[in-house]
Amino acid sequence: MIEIKNVNKVFYQGDKVINALSDINLNIAQGSIFGVIGSSGAGKSTLIRCVNLLERPTSGEVFVDGVDLTKLSEQQLTQTRRKIGMIFQHFNLLSSRTVFNNIALPLELAGESKSKIKTKVEGLLKLVGLVDKRDVYPANLSGGQKQRVAIARALASDPKVLLCDEATSALDPATTISILELLRKINKELNLTILLITHEMAVVKGICQEVAIIGDGKLVENGSVGDIFAHPKTELAREFIRSTLDLSIPGDYKERLQTERVENSYPLIRLEFTGASVDAPVISHVAREFNIDISILSSNMDYVGGVKFGLMLAEFIGSEACADKAIQYLKEQKIELEVLGYVI
Amino acid sequence: MSFNAITMWWAENTRLIELLVDSLWETLVMVFTSGFIGFAVGIPLGVLLHLSKKNGLLENMVLNKVLGVVVNIGRSIPFIILLVALIPVTRFIVGSSIGTAAAIVPLTIGAIPFIARLVEGALLEVPSGLVEAAQAMGAKPIQIINKVLLPEALPGIINAVTITLVTLVGYSAMAGTVGGGGLGDVGIRYGYQRFDATVMMITIVILVILVQMIQSLGDYLVKRVDHR
Chain G
379 MIEIKNVNKV
389 FYQGDKVINA
399 LSDINLNIAQ
409 GSIFGVIGSS
419 GAGKSTLIRC
429 VNLLERPTSG
439 EVFVDGVDLT
449 KLSEQQLTQT
459 RRKIGMIFQH
469 FNLLSSRTVF
479 NNIALPLELA
489 GESKSKIKTK
499 VEGLLKLVGL
509 VDKRDVYPAN
519 LSGGQKQRVA
529 IARALASDPK
539 VLLCDEATSA
549 LDPATTISIL
559 ELLRKINKEL
569 NLTILLITHE
579 MAVVKGICQE
589 VAIIGDGKLV
599 ENGSVGDIFA
609 HPKTELAREF
619 IRSTLDLSIP
629 GDYKERLQTE
639 RVENSYPLIR
649 LEFTGASVDA
659 PVISHVAREF
669 NIDISILSSN
679 MDYVGGVKFG
689 LMLAEFIGSE
699 ACADKAIQYL
709 KEQKIELEVL
719 GYVI
Chain F
51 MSFNAITMWW
61 AENTRLIELL
71 VDSLWETLVM
81 VFTSGFIGFA
91 VGIPLGVLLH
101 LSKKNGLLEN
111 MVLNKVLGVV
121 VNIGRSIPFI
131 ILLVALIPVT
141 RFIVGSSIGT
151 AAAIVPLTIG
161 AIPFIARLVE
171 GALLEVPSGL
181 VEAAQAMGAK
191 PIQIINKVLL
201 PEALPGIINA
211 VTITLVTLVG
221 YSAMAGTVGG
231 GGLGDVGIRY
241 GYQRFDATVM
251 MITIVILVIL
261 VQMIQSLGDY
271 LVKRVDHR
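Which chain is which? The protein sequence lines are G and F, in order. First residue of the first sequence: 379, per the working numbering; consecutive thereafter. First residue of the second sequence: 51, per the working numbering; consecutive thereafter.
Structure representation (structure tokens):
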């Protein structure tokens, strides 16, 4: 549905040349939800704006539904954009129009009749669950409600593609979930292809089937969400996965942490379970087999796309020899493991 | 002062009252005619200034620079000098260089760059994301202007209209220089030059009330259209 071919984007800032996008290639299937994740400044916003040519690529081609947008005239592009919906981080609703009239705007632009606009907008209000907010101005809506209006507006011209530019980044976690649910619903009901960019791994995990990771203007990894979570090939991918888990050592533990093993101290270990790890109840097994006690400090396990993965911080309490044997055994089970230090 | 005293003063000063009514009318004609024509030209000019800016919707740096310079020249000439300097133009347009109609020409020309800059400022306050969203929706440039930029900037534009009208009330006081009449002229000739403090006070009070009414009406309209 969306095909991005050898896209480059160069910005000039005085004498400085900034390669915002270098040689990006992406293929997004009809009806799928595709996520692009990257930290701020990675070029993901530029990438999504290249899909509807709000930003014209310096070189390369962008196909949407088989049409190469970069070859269209200004007028043809305007027409084609009506079939590409877009929502934004800051909603971009017109403050001078009510909810109804905001959703009606794309239809007005296309010159639809009043009666057609009315039926269409009322259907969309029902779809996004804002029938009672019909005549309210955006200033009186919550962030989540504003994004729902924006989604309804984007859907008004029956697009084939929906672009989401950090659509949940200004929302709280609970609202994010409800917006993602709405996106999933319209993806299913309308068979709409959704391309979303975000810096939150949780969004990708929650809704996407496929994901691309972008860093420094380059596409570093790209595949099904389960695959990326199970076998991250690059350090960047691994970092993003860790960011969803975020296990840090509590302050008082940090103070007691020694770099060398001394009398009466025990190793503090970070265990990382990935798709490659043996799927077995290893923790209790190790405790039994090697006669050590395992005290779990914190742990964050998740299940995405058929793969169990996660991070765990634990103290291995027992003799040095036993602990070493346990570590050895866990490594054989393909669990990535790092001794962070020794706790007194 | 009792009611009787007022009626007596009224009866004794019918000529003065006629003069005040006439000059109030002249002031209103000058302010609103030049304001109206000024907006008709100044608002599109302000829109053009905004659109032709770098990274604007219809970026055209040459046009922007030229318009900018012209507007700045118009803004920097003191009105009293403009009034005199434009006499040949005025004579060409209205056929005479004296009278109320003649004063309207320099007032209008003085107001246009003023309005253009104010409108440009009002448009600048429309978040660029809205224009971007409209572009993504497939809006043509003219649709973006009519359906996004102008409606979103409307509170600012109404504010600009108010400020302009109040300024024109002030400028119109100088219209007496070319025989334009108006309240300001009465204040200067009768109040200042003939040391008639009563006339001076009366013209000032009427002007204050006029300005107050324009400002209150403007504020009311801004409040009505502003949903931000």
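Yeah, the Cβ is synthetic: ideal placement off N, Cα and C, and Gly gets one too.
In DSSP terms, what residue i is bridged to
i: Ile695(G); result: Asp671(G)
i: Lys461(G); result: Per DSSP, none; premise fails for Lys461(G).
i: Ser655(G); result: DSSP, once it has assigned bridges, lists no residue as partnering Ser655(G).
i: Phe412(G); result: Leu573(G) and Glu588(G)
i: Asn397(G); result: Val388(G)
i: Asn110(F); result: In the DSSP output, where bridge partners are listed per residue, Asn110(F) has none listed.
i: Met690(G); result: Leu649(G) and Ser677(G)
i: Val445(G); result: Val442(G)
i: Ile380(G); result: Ile406(G) and Val442(G)
i: Tyr644(G); result: Val721(G)
i: Val91(F); result: Paired residue(s): none; Val91(F) is not in a bridge.
i: Val249(F); result: Answer by DSSP bridge pairing: none, since Val249(F) is not bridged.
Helix, strand or coil at residue i according to DSSP, with G and I counted as helix
i: Cys542(G); result: strand
i: Lys282(F); result: The shown model of chain F, from 51 to 278, leaves out residue 282(F), and the question about it has no answer.
i: Glu62(F); result: helix
i: Met263(F); result: helix
i: Glu617(G); result: helix
i: Glu433(G); result: coil
i: Tyr242(F); result: helix
i: Glu710(G); result: helix
i: Glu202(F); result: helix
i: Arg512(G); result: coil
i: Gly593(G); result: strand
i: Asn105(F); result: coil
i: Glu787(G); result: Since the first residue of chain G shown is 379 and the last is 722, residue 787(G) is not available in this structure.
i: Ser662(G); result: helix
i: Leu519(G); result: coil
i: Glu716(G); result: strand
i: Gln467(G); result: coil
i: Glu723(G); result: In the structure as shown, chain G starts at 379 and stops at 722, and residue 723(G) therefore has no counterpart that could be examined.
i: Leu635(G); result: strand
i: Val477(G); result: helix
i: Val176(F); result: coil
Option nearest residue i by Cα separation, candidates the options
i: Ala552(G); options: Ala528(G), Ser520(G), Leu399(G) and Leu570(G); result: Ser520(G)
i: Leu432(G); options: Lys504(G), Asn397(G), Glu452(G) and Ser547(G); result: Glu452(G)
i: Ala665(G); options: Ala701(G), Gly653(G) and Tyr631(G); result: Ala701(G)
i: Gly421(G); options: Asn642(G), Asn397(G) and Thr652(G); result: Asn397(G)
i: Tyr631(G); options: Ala654(G), Leu675(G) and Val685(G); result: Leu675(G)
i: Val198(F); options: Leu540(G), Ile557(G) and Arg475(G); result: Arg475(G)
i: Thr83(F); options: Ala61(F), Asn63(F) and Pro156(F); result: Pro156(F)
i: Thr458(G); options: Phe668(G), Glu578(G) and Asp443(G); result: Asp443(G)
i: Ala692(G); options: Pro435(G), Asn430(G), Pro628(G) and Leu455(G); result: Pro628(G)
i: Ala223(F); options: Pro201(F), Val97(F), Met250(F) and Val181(F); result: Met250(F)
i: Gln262(F); options: Thr212(F), Val275(F) and Arg244(F); result: Thr212(F)
i: Gly188(F); options: Pro537(G), Asn518(G), Gly419(G) and Glu633(G); result: Pro537(G)
i: His468(G); options: Ala545(G), Thr436(G) and Arg526(G); result: Ala545(G)
i: Val582(G); options: Phe441(G), Ile606(G) and Asn569(G); result: Ile606(G)
Own chain, CB closer than 6 Å to residue i, minus 5 neighbours either side, in chain order
i: Leu117(F); result: Leu99
i: Pro484(G); result: Ala534 and Ser535
i: Leu558(G); result: Gly584 and Ile585
8 Å Cβ cutoff met for residue i and residue j
i: Gly92(F); j: Ile162(F); result: yes
i: Gly416(G); j: Gly593(G); result: yes
i: Ile661(G); j: Leu715(G); result: no
i: Ala152(F); j: Ser146(F); result: yes
i: Leu471(G); j: Lys524(G); result: yes
i: Gly237(F); j: Thr253(F); result: yes
i: Glu381(G); j: Asn405(G); result: yes
i: Glu175(F); j: Gly206(F); result: yes
i: Leu399(G); j: Ile575(G); result: no
i: Ala532(G); j: Leu540(G); result: yes
i: Gly507(G); j: Leu549(G); result: no
i: Asn403(G); j: Asn384(G); result: yes
i: Ile705(G); j: Asn642(G); result: no
i: Val414(G); j: Ala580(G); result: no
i: Leu107(F); j: Pro191(F); result: yes
Spatial neighbours of residue i in its chain, beta-carbon cut-off 8 Å, leaving aside the 5 residues before and after
i: Ala488(G); result: Arg460 and Ser535
i: Arg639(G); result: Pro645, Glu698 and Tyr720
Contacts around residue i, its chain only, beta-carbon distance under 7 Å, and the 5 residues preceding and following it disregarded
i: Gln587(G); result: Ser410, Ile411, Ser602 and Val603
i: Lys686(G); result: Phe651, Asp657 and Met679
i: Val144(F); result: Ala151, Ala152 and Val155
i: Ile695(G); result: Tyr644, Ile670, Asp671 and Ser673
Partners in chain C for residue i, counting only beta-carbon separations shorter than 8 Å
i: Tyr515(G); result: In summary, chain C is missing from the structure at hand, where the protein chains are G and F.
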